[in-house]
């Protein structure tokens, strides 16, 4: 697979970089009626509802673990991670599998949408009115036809030490 040459980058908050000009592809997901996105290159797999085994003494956001083709995957309830209420039991969710430093994580969400290719010029920093917990795990936002898409920063989302003090 050949890699396209990326344009020059522009520094954003907290050391994040995003290319100026060009576009970025995001896998979209819905959590509690809010649209979120993750850069498509960070996504390993998308799964339907899975049987999850609870892990004793794990933080509440860690829903448990599941077996994906022989690999153990830690399941994270993104709703709880973002300070939201649990998903109703009668509504099975979906999962987006990401790889962080060689470990697989299943991000449990309400639903997975489409892949959107968005212009880097439309990317905005997090607004001051965004919930502080969300701001901590987000690189920024896109305004899409009257809807806000919050771009999740997967390493910060999975860094459990940053949200324990919040």
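In the UniProt record's numbering, the protein residues as written are 1 to 166. Don't be surprised by glycine CBs; every beta carbon is placed ideally from N, CA and C.
Per-residue DSSP class, three states only, for residue i
i: residue 137; result: coil
i: residue 123; result: coil
i: residue 60; result: coil
i: residue 155; result: helix
i: residue 147; result: strand
i: residue 42; result: helix
i: residue 107; result: strand
i: residue 80; result: helix
i: residue 160; result: helix
i: residue 8; result: Residue placement at residue 8 is poorly supported in this model, since its pLDDT is 39, which falls under 50; the coordinates still yield a value, given next. Residue state, collapsed to three classes: coil.
Local Cβ density within 10 Å of residue i, reported as buried at 16 or more and exposed below that
i: residue 122; result: exposed
i: residue 112; result: buried
i: residue 75; result: buried
i: residue 140; result: buried
i: residue 81; result: buried
Residue nearest to residue i in terms of C-alpha spacing, selected from the options
i: residue 56; options: 28, 65, 50; result: 65
i: residue 71; options: 114, 132, 105, 30; result: 105
i: residue 85; options: 141, 140, 27, 32; result: 32
i: residue 23; options: 100, 63, 115, 129; result: 115
i: residue 147; options: 53, 102, 36; result: 36
Residues sharing a beta bridge with residue i, DSSP
i: residue 71; result: 68
i: residue 36; result: 29, 150
i: residue 24; result: 118
i: residue 96; result: 46, 107
i: residue 53; result: 65
Requested in this report: Kindly confirm or deny that the segment 124 to 140 and the segment 150 to 159 touch, where touching means at least three C-beta pairs closer than 8 Å.
Outcome: yes
Query raised in the report: If we count Cβ pairs, one from each stretch, closer than 8 Å, do we get three or more for the segment 86 to 100 versus the segment 33 to 48?
Result: yes
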